[in-house]
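Residues 1 to 242, numbered by the UniProt record's numbering, are exactly what the sequence shown covers, in order. Ideal placement from N, C-alpha and C gives every residue a C-beta, glycine not left out. Input: a single structure, listed below in C-alpha cells.
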Amino acid sequence: MAKKPTKNTSGRGQRDLTVKVKTARGRKLSSTNWLQRQLNDPYVKRAKAEGYRGRAAYKILELDDKYRFLVPGARIVDLGCAPGGWLQVAVKRANTLGERKSKAQGYVLGVDLQEVEPIAGAEIHQLDFLEDDADIKVREWLGGTADVVMSDMAASASGHKQTDHMRIMALCEAAAHFSFDVLTEGGTFVAKVLAGGAEGDLQKLLKQRFKKVANVKPPASRSDSSEKFVVATGFKGSDESD
Ligand SMILES: C[S@@+](CC[C@H](N)C(=O)[O-])C[C@H]1O[C@@H](n2cnc3c(N)ncnc32)[C@H](O)[C@@H]1O
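Here's what the structure looks like:
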C-alpha cells in the first residue's frame, strides 16, 4: 500500500516527498519496487497532469523535438501503439483533426496486439504484426504511402535478457522492412531497440536505406533500462528488390 509522503529526518526542515511503498503480503519485491518507482516518477505524474495515456508519450515528444518528423500533414504509422501515448502526440503534431486551420491535415494509423481505447484523429486496428500478411493488412488500411513509420513494439518481458533482445529485434526488423515498402522518399523510421548485440545488423540494414541513422536515448527513457531508439531519417526510396 502507498504511504503518504513522509517528513525528512535530516533535520534541515525540508520535506522528503518520496512515496514509500510497504511490502504487502502476496506481492513480490520486484512489484513493490516497480510500484514505488512508478509513484515517484516525474514523467508518470506529468502524463497524468497533461492527459497522456502513459509516460511513453514523452519519449516520442523528446525524439520529435530533436528530429522534427511529426509535422502537420504527415502520414504516420504507429506499430505497437497501445495504450496510445504516442498516438496522442502524433495526432496533435500532425494536425489530424485539422484544428490548426492554416496547417496541412495529417493522418495517423495505429496497430497493436491489444485493444486500444479510441483516440479522436487516429485510426486504430488490433493486429499481431508478426502474423502472416500483417504488412499487407496495414498497407490496405494505410491506403497509400507514409512519411513516418514508428515502432515502440515490445513483447512482454521473459526475464531472460537475450531472449527479450532477440524478440524485440525481430519486431524491429519486421517494422523496418514494412517501412521500406511504404515510406516516401525523405521519410523517417523510428524504433525501440534493446542494447544486446543484434542491433548492429539492423543498423547496417538501415544505413543502406536512409541518409542518416542515429541511436538515441531520450531523457524520458529510464536510465536503468537497456532500451534506446533508432531514428533513421532521409529514406532513399524503395529499391527494386523490395
Ligand atoms: C511499450 S508498449 C507501446 C506504448 C505506446 N508507444 C504508447 O505510447 O502507448 C509496447 C506495445 O507493443 C505491442 N506489441 C508487442 N508485440 C506486438 C506484435 N507482435 N504486434 C503488435 N503489437 C505488438 C504490445 O501489445 C504493447 O502494447
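Using 7 angstroms as the cut-off, classify the Cβ of LEU109 as near or not near the heavy atoms of ligand 3, replying yes or no.
Among the ligands in the structure shown, ligand 3 does not appear; only ligand 1 can be found there.
Distance CB(THR145)-CB(THR184) smaller than 8 angstroms
yes
Would you give the residue range spanned by the alpha helix (DSSP H) that ALA170 belongs to?
161-182
What is the rounded straight-line gap between the Cα of MET1 and the Cα of ASN40?
Interpretation of MET1 is limited by its pLDDT of 42, a score under 50 that renders its predicted location unreliable; no figure is taken from the coordinates.
Beta carbon of residue 255: closer than 7 angstroms to some heavy atom of ligand 1?
Since the first and last residues shown for the chain are 1 and 242, residue 255 lies out of range.
My output table needs one value for ILE119: the three-state DSSP class, helix, strand or coil.
coil
Taking only three categories from DSSP, how would you classify residue 273?
There is no way to answer for residue 273, as the model of the chain reaches only from 1 to 242.
Exposed or buried, which one is ILE60 when buried takes at least 16 other CB atoms within 10 Å?
buried
Does DSSP put LYS217 in a helix, in a strand, or in coil?
coil
Measuring only the C-alpha atoms, how far is LYS228 from CYS81?
17 angstroms
Can you tell me where the alpha helix (DSSP H) holding LEU109 begins and where it ends?
No alpha helix (DSSP H) holds LEU109; the beta strand (DSSP E) holding it covers 107-112.
Can you name the residues that DSSP bridges to GLU227?
LEU194
Assign ARG55 to one of three DSSP states: helix, strand, or coil.
coil
Since PHE129 sits in a beta bridge, which residues does DSSP pair it with?
Per DSSP, none; premise fails for PHE129.
Given the structure, does GLY85 come close to ligand 1, in the sense that its CB is under 7 angstroms from one of the ligand's heavy atoms?
yes
Do you know offhand how far GLN38's Cα is from SER238's?
42 angstroms
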